[in-house]
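Novice:
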Amino acid sequence: MKGFKKCLLVCIAFIWCLPAWANAVEVRTVTAEGVGAILAGDEALARDRAIKDAQRKAVELSVGVLIDSETITQNYSVIRDEIYARSVGYIQDYKVLGESKDEGMVRVSLQATVRMGPLKEDLDRVIVRVGKPRVLFMIAEQDVSGGAPVAWWQGTSGMGQFIVDASLQQYFLSKSFVVVDHSLKNPRRKLSPSPSDSEAAALGRDYDAEVVIVGRAIAKDGGKIANFNLHSCRAEISARAIQVDNGHVLAAESARAAAAHIDPMTGGNEALQKASDALSKKLADQIVAAWAQQISGSALITLDITDVGRYADFVKLKGILKDQVRGVSNVYQRSFQEGTAKLEVDFQGTAQELADELALKEFETFNIRILEASQNRLKIAISPKTM
60 MKGFKKCLLV CIAFIWCLPA WANAVEVRTV TAEGVGAILA GDEALARDRA IKDAQRKAVE
120 LSVGVLIDSE TITQNYSVIR DEIYARSVGY IQDYKVLGES KDEGMVRVSL QATVRMGPLK
180 EDLDRVIVRV GKPRVLFMIA EQDVSGGAPV AWWQGTSGMG QFIVDASLQQ YFLSKSFVVV
240 DHSLKNPRRK LSPSPSDSEA AALGRDYDAE VVIVGRAIAK DGGKIANFNL HSCRAEISAR
300 AIQVDNGHVL AAESARAAAA HIDPMTGGNE ALQKASDALS KKLADQIVAA WAQQISGSAL
360 ITLDITDVGR YADFVKLKGI LKDQVRGVSN VYQRSFQEGT AKLEVDFQGT AQELADELAL
420 KEFETFNIRI LEASQNRLKI AISPKTM
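Residue numbering for the sequence shown follows the working numbering, beginning at 60 and increasing consecutively.
(1) DSSP state of L262, grouped into three classes?
(2) Starting from D405, trace the beta strand (DSSP E) in both directions and tell me its first and last residue.
(3) In angstroms with no decimal places, state the Cα-to-Cα distance between A210 and F287.
(4) Take the Cβ of Y266 as the centre, count every other Cβ of all protein chains shown within 10 Å, and call the residue buried at 16 or more, exposed below.
(5) Under 8 Å Cβ to Cβ from G386, same chain only, skipping five residues before and after it: list those, please.
(6) Quick one: complete alpha helix (DSSP H) runs, 4+ long, within the segment 365-393?
(7) Kindly identify the DSSP beta-bridge partner or partners of T88.
(8) What number of angstroms, rounded off, separates the C-alpha of T361 from the C-alpha of S253?
(9) How would you write the range of the alpha helix (DSSP H) that Q229 sits in, first residue to last?
(10) In the DSSP assignment, find the unbroken alpha helix (DSSP H) run with K111 in it and report its ends.
(11) In three-state DSSP terms, what is T361?
(12) Output the distance between the C-alpha atoms of R264 and A343, rounded to the nearest integer angstrom.
(13) Got a sec? Which residues, its chain only, sit under 8 Å from A440 by beta carbon, not counting five neighbours each side?
(14) Using only the heavy atoms of the ligand COA, determine whether one of them is closer than 7 Å to the beta carbon of T361.
(15) What's the C-alpha gap between V239 and D202?
(16) What does D152 pair with, by DSSP beta-bridge criteria?
(17) Can you tell me the Cβ-Cβ gap for R193 and V147, rounded? I've got them flagged as a contact below 8 Å.
(18) Compare the Cα-Cα distances from I272 to each of V124, R145 and R299 and report the closest residue.
(19) Within a Cβ cutoff of 7 Å, which residues of the same chain sit near S121, ignoring the five residues on either side of it in sequence?
(20) Which residue marks the beginning of the beta strand (DSSP E) containing R436, and which one marks its end?
(21) Can you have a look at E329 and say buried or exposed, based on whether 16 or more other CB atoms are within 10 angstroms of its CB?
(22) Anyone know if the C-beta pair for L319 and H290 falls short of 8 Å?
(23) Is it buried or exposed for R115, if we count other Cβ within 10 angstroms and need 16 for buried?
(24) To the nearest angstrom, how far is it from the Cα of A261 to the Cα of V303?
(25) Taking the alpha-carbon positions, what's the S136 to I379 distance?
(26) Express the C-alpha separation of A199 and R293 in angstroms, rounding to a whole number.
(27) Please report the distance separating the alpha-carbon of F425 from that of G368.
(28) For the beta strand (DSSP E) containing D280, name the first residue and the last one.
This is how it looks when you write it as structure tokens:
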């Protein structure tokens with residue numbers, strides 16, 4: 060009995076401490092110093108300014124923990140306007156450790172508790188928005204009736220609003236993604252409800268999307284709950300995010316949910332909505348991480364080259380890319396055939412930024428024309444210079 064009581068007390072203590080532990084994970088204690096100018100002899104106002112300055116610096120230090128210095132530098136203006144300008148909102152509490160006055164300034168040292176969860180969410184949103192990925196949703200939905208799944212790209216209206224599609228769109232819009240409205244034009248191609256990655260990417264190109272989220276949602280009626288006039292309904296959604304220009308899978312997730320209702324159709328729709336809510340954040344978080352890495356870090360850029368008149372020019376281009384173009388760490392030749400070639404370039408930035416670098420360079424024996432640029436693919440033509 061004593062052993063049981065002791066075990067019970069330990070369990071209760073652990074459960075009691077869980078909220079505090081969770082909060083501790085989401086906050087960070089930072090010491091920072093701020094200054095405020097004494098204007099017209101108003102020391103109180105100067106002290107307030109010094110405290111705000113110290114709070115901002117505490118947030119700046121916390122940002123440095125979440126992302127690297129190069130990312131901060133590349134995105135400084137938007138981070139300054141949307142994160143640092145709202146520093147007070149990330150401060151849970153603070154205490155002044157010391158203050159002093161000298162040469163018309165008030166100096167304050169404080170210890171601040173920074174709310175890291177909201178700070179990380181806002182940083183992710185800001186960094187993703189810099190690139191503004193255009194997202195197209197392709198979720199085939201099947202309701203509890205058990206009929207064939209309906210999909211907008213097949214020209215079917217089915218459930219009208221497409222519950223999962225609408226829910227995902229709403230969430231991604233709230234996170235500053237650019238969502239493609241597929242209702243504005245009819246699809247050029249009709250695919251199956253479960254298209255392959257390459258088929259989904261092709262349809263994404265038709266709609267000028269950069270990321271396609273393709274998947275399937277199914278709702279089922281599990282029958283009546285014993286002793287209740289309610290139907291037990293379940294829903295399951297699986298989806299993956301495909302980068303349109305190279306076909307790479309950026310994210311893959313699934314979610315399940317249940318709902319009970321007197322009407323099985325309504326119950327199934329409620330289960331679909333719950334599963335959508337669970338899926339949205341998981342998918343968005345993965346895409347944010349992958350997209351931010353491409354914007355701020357090194358990525359493989361596919362370089363398609365056409366009109367190669369002389370192989371020697373192609374060899375020179377490879378050398379220039381590796382040795383003279385800022386941000387390039389390596390170049391890999393994938394193919395060369397009859398005047399066309401494919402390279403993969405390990406580049407710190409996007410294909411558009413690589414295009415800008417190439418456009419500003421002067422080449423001795425050949426000219427370059429930029430034909431097309433997307434997030435991770437660049438198409439160029441090279442031709443010999445006329446003497």
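Yeah, the Cβ is synthetic: ideal placement off N, Cα and C, and Gly gets one too.
Note that the structure is a prediction, hence the values are computed from the model and not measured.
Specialist: Let's see:
(1) Of the three classes helix, strand and coil, the one that applies to L262 here is helix, per DSSP.
(2) T399 to Q407
(3) C-alpha separation (whole angstroms): 34 Å.
(4) buried
(5) Its chain contains F406, Q407, G408, E412, L413 and E416 as the residues whose beta carbon lies nearer than 8 Å to that of G386, once the 5 sequence neighbours on both sides are disregarded; these appear in chain order.
(6) 370-383
(7) Assignment of beta-bridge partners to T88 by DSSP yields T172.
(8) 27 Å
(9) I222 to S233
(10) E102 to L125
(11) strand
(12) C-alpha separation (whole angstroms): 21 Å.
(13) I364, T365, D366, I427, R428 and L430
(14) Absent from the structure shown: the ligand COA. Ligands present: none.
(15) 24 Å
(16) T172
(17) With a Cβ gap of about 34 Å, R193 and V147 do not count as contacting.
(18) R299
(19) R87, V89, V173, M175 and L178
(20) Where R436 is concerned, the enclosing beta strand (DSSP E) stretches over R436 to P443.
(21) buried
(22) Before going on, a small fix: residue 319 reads as Ala here, not Leu. Contact: yes.
(23) Burial check for R115: the Cβ neighbour count within 10 Å reaches 16 or more, so the residue is buried.
(24) Their backbone Cα atoms lie some 7 Å apart in a straight line.
(25) 32 Å
(26) 16 Å
(27) Going by the C-alpha atoms only, they are around 9 Å apart.
(28) Element bounds for D280: V270 to K283.
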